[in-house]
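The structure appears right after this line, and notes come after that.
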């Protein structure tokens with residue numbers, strides 16, 4: 001029987017950082033229900049040695065079109081960015097940004113279709129806050145020690161095998177549109193105060209994580 005090595009401390013991915021940063025609505029608990037659910041799931045995965053992978057056509061398109069998005073940014077900005085392959089890990093935070101530039105981090109997002117692409121910066125800001133992308137790149141800036149970051153949405157054509165008969169090709173096949181019209185960027189500046197808040201929230205979440213692990217270890221003991 002294979003021995004499962006339990007991770008004693010919570011390790012947070014930058015893409016999930018927003019889940020420990022949500023504000024609690026309860027005066028009796030410093031952790032929100034969103035944070036608690038996230039921590040419980042992480043403890044469960046560690047205890048059982050099974051990691052749940054999120055799969056969807058949206059994730060598939062993002063992964064498969066990532067290099068196309070970086071090429072689009074290069075074409076528009078006359079740059080030579082390449083996909084970063086280096087994962088950074090601190091004691092509690094881990095992440096692998098899309099592009100590590102000299103003084104910034106770039107995270108590219110491939111919109112599923114035209115109707116989900118943020119054409120306006122105000123739209124992009126709303127999506128960034130709602131999806132936690134701002135915390136994601138703050139995590140990257142912390143790990144890679146960069147003063148600024150950008151979240152860049154790119155509208156790229158959807159691979160045909162990800163589409164169904166119900167998907168309208170007119171909002172998925174967009175290569176005929178000028179690249180300059182298919183990119184929206186939002187800049188985020190590094191903030192030491194918010195990084196202190198990240199660490200504070202992590203410490204609270206980590207204490208709860210340890211409680212969850214202990215409960216799982218003891219749940220069948222008489």
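Residue numbers (our numbering): 1 to 222.
Note that CB positions come from ideal geometry on N, CA and C, so glycine has one too.
Cβ neighbour criterion (16 or more within 10 Å) applied to residue i
{"i": "residue 213", "result": "buried"}
{"i": "residue 151", "result": "buried"}
{"i": "residue 77", "result": "exposed"}
{"i": "residue 43", "result": "buried"}
{"i": "residue 203", "result": "exposed"}
{"i": "residue 130", "result": "exposed"}
{"i": "residue 166", "result": "exposed"}
{"i": "residue 169", "result": "exposed"}
Identity of the residues DSSP links to residue i by a beta bridge
{"i": "residue 110", "result": "154"}
{"i": "residue 194", "result": "The partner list for residue 194 (beta bridge, DSSP) is empty, contrary to what the question assumes."}
{"i": "residue 238", "result": "The first residue shown for the chain is 1 and the last is 222, placing residue 238 beyond what the model contains."}
Cβ-Cβ distance between residue i and residue j below 9 Å
{"i": "residue 17", "j": "residue 93", "result": "yes"}
{"i": "residue 58", "j": "residue 112", "result": "yes"}
{"i": "residue 186", "j": "residue 154", "result": "no"}
{"i": "residue 86", "j": "residue 100", "result": "yes"}
{"i": "residue 128", "j": "residue 105", "result": "no"}
{"i": "residue 38", "j": "residue 11", "result": "no"}
{"i": "residue 36", "j": "residue 29", "result": "yes"}
Where residue i sits in the DSSP three-state scheme
{"i": "residue 1", "result": "With a pLDDT of 47 at residue 1, under the threshold of 50, the predicted position of this residue should be treated as unreliable, and no value is reported."}
{"i": "residue 86", "result": "coil"}
{"i": "residue 11", "result": "coil"}
{"i": "residue 224", "result": "In the structure as shown, the chain starts at 1 and stops at 222, and residue 224 therefore has no counterpart that could be examined."}
{"i": "residue 35", "result": "helix"}
{"i": "residue 52", "result": "coil"}
{"i": "residue 177", "result": "coil"}
{"i": "residue 60", "result": "helix"}
{"i": "residue 101", "result": "coil"}
{"i": "residue 139", "result": "helix"}
Residue nearest to residue i in terms of C-alpha spacing, selected from the options
{"i": "residue 9", "options": "19, 91 and 41", "result": "91"}
{"i": "residue 192", "options": "84, 220, 146 and 116", "result": "146"}
{"i": "residue 49", "options": "38, 7, 56 and 15", "result": "7"}
{"i": "residue 69", "options": "206, 176, 157 and 139", "result": "157"}
{"i": "residue 13", "options": "28, 47 and 133", "result": "133"}
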